[in-house]
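Quick mapping for you: the protein sequence lines, in order, are chains D and R. Using our numbering, read the first sequence as starting at 15 and increasing by one per residue. Using our numbering, read the second sequence as starting at 55 and increasing by one per residue. By construction, the Cβ of each residue, glycine as well, lies at the ideal position given by its N, Cα and C atoms. Worksheet for the structure shown next.
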Amino acid sequence: NAGVTQTPKFQVLKTGQSMTLQCAQDMNHEYMSWYRQDPGMGLRLIHYSVGAGITDQGEVPNGYNVSRSTTEDFPLRLLSAAPSQTSVYFCASSPDRVAKETQYFGPGTRLLVL
Amino acid sequence: DAKTTQPPSMDCAEGRAANLPCNHSTISGNEYVYWYRQIHSQGPQYIIHGLKNNETNEMASLIITEDRKSSTLILPHATLRDTAVYYCIVRVVRGRRALTFGSGTRLQVQP
Numbered sequence: 015n016a017g018v019t020q021t022p023k024f025q026v027l028k029t030g031q032s033m034t035l036q037c038a039q040d041m042n043h044e045y046m047s048w049y050r051q052d053p054g055m056g057l058r059l060i061h062y063s064v065g066a067g068i069t070d071q072g073e074v075p076n077g078y079n080v081s082r083s084t085t086e087d088f089p090l091r092l093l094s095a096a097p098s099q100t101s102v103y104f105c106a107s108s109p110d111r112v113a114k115e116t117q118y119f120g121p122g123t124r125l126l127v128l
Numbered sequence: 055d056a057k058t059t060q061p062p063s064m065d066c067a068e069g070r071a072a073n074l075p076c077n078h079s080t081i082s083g084n085e086y087v088y089w090y091r092q093i094h095s096q097g098p099q100y101i102i103h104g105l106k107n108n109e110t111n112e113m114a115s116l117i118i119t120e121d122r123k124s125s126t127l128i129l130p131h132a133t134l135r136d137t138a139v140y141y142c143i144v145r146v147v148r149g150r151r152a153l154t155f156g157s158g159t160r161l162q163v164q165p
């Protein structure tokens, strides 16, 4: 198993550009989520999904969209990038849609918005 | 979720046991203690969790006091690769909200 994979590893955007951060897992996990981590800070939840076709907002959803058409993939879309979205983005998955405390994290995508 | 308190940093000699404390004095009866770590520039990694009994797995041991107000994560033989930020998280299993990562303890394993 590759686990949780994220692409790209690094990205530089200009203000106003849009892009999609990709996340995939091959463990057949129902629960997937996106976090952002700003320098020196803990992780904050952006969006999550408890299964294909079901998504919900987390703590900091503004400026981001998600969809979950398959169990494996959970892309995060930045609609119009802003410098405040400069951060490291982590995708995570859990084998249990309810008891989601045991999560497996991807390696992260480092995003710089100029 | 109960609040946790961890020391901001600790040092440990390579090959020795690393004992990382966590205070969670407001923990309630249905809340578990979870430990994650984050090695520099990587995603967090689940380590272990427990309710009231001591737990051990291939990575670490978790000792929870009888009153459950504090716990200790033990890395029995620390290596340089264990240098990371360690997060203690207390929450209800099957809670609706996501994991909340605080500032954690930065463990530096010295050669």
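Original post:
Quick one: any contact between the stretch 49 to 62 of chain D and the stretch 19 to 31 of chain D, if contact means 3 or more CB pairs under 8 Å?
Top reply: no
**OP:** Please compile the residues from chain R whose C-beta is within a distance smaller than 8 Å of the C-beta of Gly56 (chain D).
**Re:** Tyr141, Thr154, Phe155, Gly156, Ser157, Gly158
Original post:
Any Cβ of chain R within less than 7 Å of the Cβ of Phe24 (chain D)?
Top reply: no
Original post:
Does any residue of chain D bring its CB to less than 7 Å from the CB of Pro98 (chain R)?
Top reply: yes
Original post:
Taking Cβ positions only, does Gly65 (chain D) come closer than 7 Å to chain R?
Top reply: no
Original post:
Would you call the CB atoms of Pro89 (chain D) and Gln36 (chain D) closer than 7 Å?
Top reply: yes
Original post:
Do you know how far the Cα of Ala96 (chain D) is from the Cα of Thr59 (chain R)?
Top reply: 34 Å
Original post:
Starting from Asp65 (chain R) and walking both ways along the beta strand (DSSP E), at which residues does that stretch end?
Top reply: 63 to 67
Original post:
Is the stretch 125 to 137 of chain R in contact with the stretch 72 to 88 of chain R, if contact means three or more CB pairs nearer than 8 Å?
Top reply: yes
**OP:** Rounded to whole angstroms, what's the CA-CA distance from Gln20 (chain D) to Leu134 (chain R)? Just pull it up for me.
**Re:** 26 Å
**OP:** For the beta strand (DSSP E) containing Thr19 (chain D), list its first residue and its last residue.
**Re:** 18 to 21
Original post:
Under the rule that 16 or more other beta-carbon atoms within 10 Å means buried, what is Arg70 (chain R), buried or exposed?
Top reply: exposed
Subject >> Listed by chain order, chain R residues near Thr116 (chain D) by CB distance under 9 Å >> reply: Tyr88, Tyr100, His103
Subject >> Beta-carbon neighbours of Phe88 (chain D), restricted to chain R and to distances below 7 Å >> reply: The premise fails here: Phe88 (chain D) is roughly 14 Å from chain R at the closest Cβ pair, so nothing lies under 7 Å.
Subject >> Contact set for Arg91 (chain D): own chain, Cβ-Cβ below 6 Å, skip 5 residues either direction >> reply: Thr34, Asn79
Subject >> Closer than 7 Å to chain R by CB, Gly120 (chain D) >> reply: yes
**OP:** Kindly identify the DSSP beta-bridge partner or partners of His43 (chain D).
**Re:** In DSSP, His43 (chain D) forms no bridge with anything.
Subject >> Asp29 (chain R) classed as buried or exposed, judged by whether at least 16 other C-beta atoms fall within 10 angstroms >> reply: Only positions 55 to 165 of chain R appear in this structure, which leaves residue 29 (chain R) out of reach.
Original post:
Taking Cβ positions, are Glu68 (chain R) and Val163 (chain R) nearer each other than 7 Å?
Top reply: yes
Original post:
Going by beta carbon distance, what residues of the same chain come within less than 6 Å of Phe119 (chain D), once the five residues before and after it are set aside?
Top reply: Phe104, Ala106
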